[in-house]
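K.L.:
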Amino acid sequence: MIPGVIACARAMGVDRQVDFWSDLKTSDDLAWIQSNVSPEMVLLMAKTRLGSVHAESQLDLLRQLKPLLCEIYFDSLDQLAARKALFVDAGMRLWVNTLDSVSCAGFTDTAALQDPAAIWGRLVDAGVSAIQTDEAEALRIYLDSR
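Residues 1 to 146 in full-length UniProt numbering are what the sequence shown spells out, letter by letter.
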């Protein structure tokens with residue numbers, strides 16, 4: 001299905017406006033991405049869960065794939081901060097959701113509105129460069145004040 005979507009987007013001239021999310025849990029996932037998405041030169045966001053029992057193998061797959069952007073899930077910010085150098089060295093940008101319904105470890109929009117430095121600031125300090133939020137204006141104001 002994905003190759004067809006890419007072909008359609010390319011035919012419409014919008015392939016540079018398309019990105020794909022994909023779990024990266026197994027070597028089969030990596031092989032599929034490398035054969036079906038990577039050759040098409042579209043943005044792929046790999047999803048990785050640092051709290052998974054297979055986190056280290058997922059990180060190894062990330063090292064091999066080296067996506068530009070990784071949607072990262074964690075149970076503790078320490079899991080993310082401890083691996084900051086890995087992501088920097090690989091040139092990967094990290095995406096985290098602070099949307100209340102899909103946030104990680106209590107890093108929510110609601111909490112960020114009460115204490116932006118404790119939520120958004122700590123995420124940025126841990127290496128996060130993309131934050132999905134329903135509070136974009138508040139995030140922008142906070143980042144401008146840092």
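Beta carbons are placed, not taken as given, at the ideal position from N, Cα and C, and that holds for glycine.
Closest to Ala138 by C-alpha separation, out of Gln114, Arg10 and Asn36, would be which residue?
P.N.:
Selected option, being the one with the closest Cα: Gln114.
K.L.:
If we count the other Cβ atoms within 10 Å of its Cβ and call it buried at 16 or more, is Arg63 buried or exposed?
P.N.:
exposed
K.L.:
With respect to the alpha helix (DSSP H) encompassing Gln64, which residues constitute its N-terminal and C-terminal limits?
P.N.:
Here the alpha helix (DSSP H) through Gln64 covers Ala55 to Leu65.
K.L.:
Tell me which residue opens and which closes the alpha helix (DSSP H) that Leu139 is part of.
P.N.:
Ala136 to Ser145
K.L.:
Can you give the Cα-Cα distance for Val128 and Met12, rounded to whole angstroms?
P.N.:
33 Å
K.L.:
Are the beta-carbon atoms of Arg49 and Ile33 separated by less than 9 Å?
P.N.:
no
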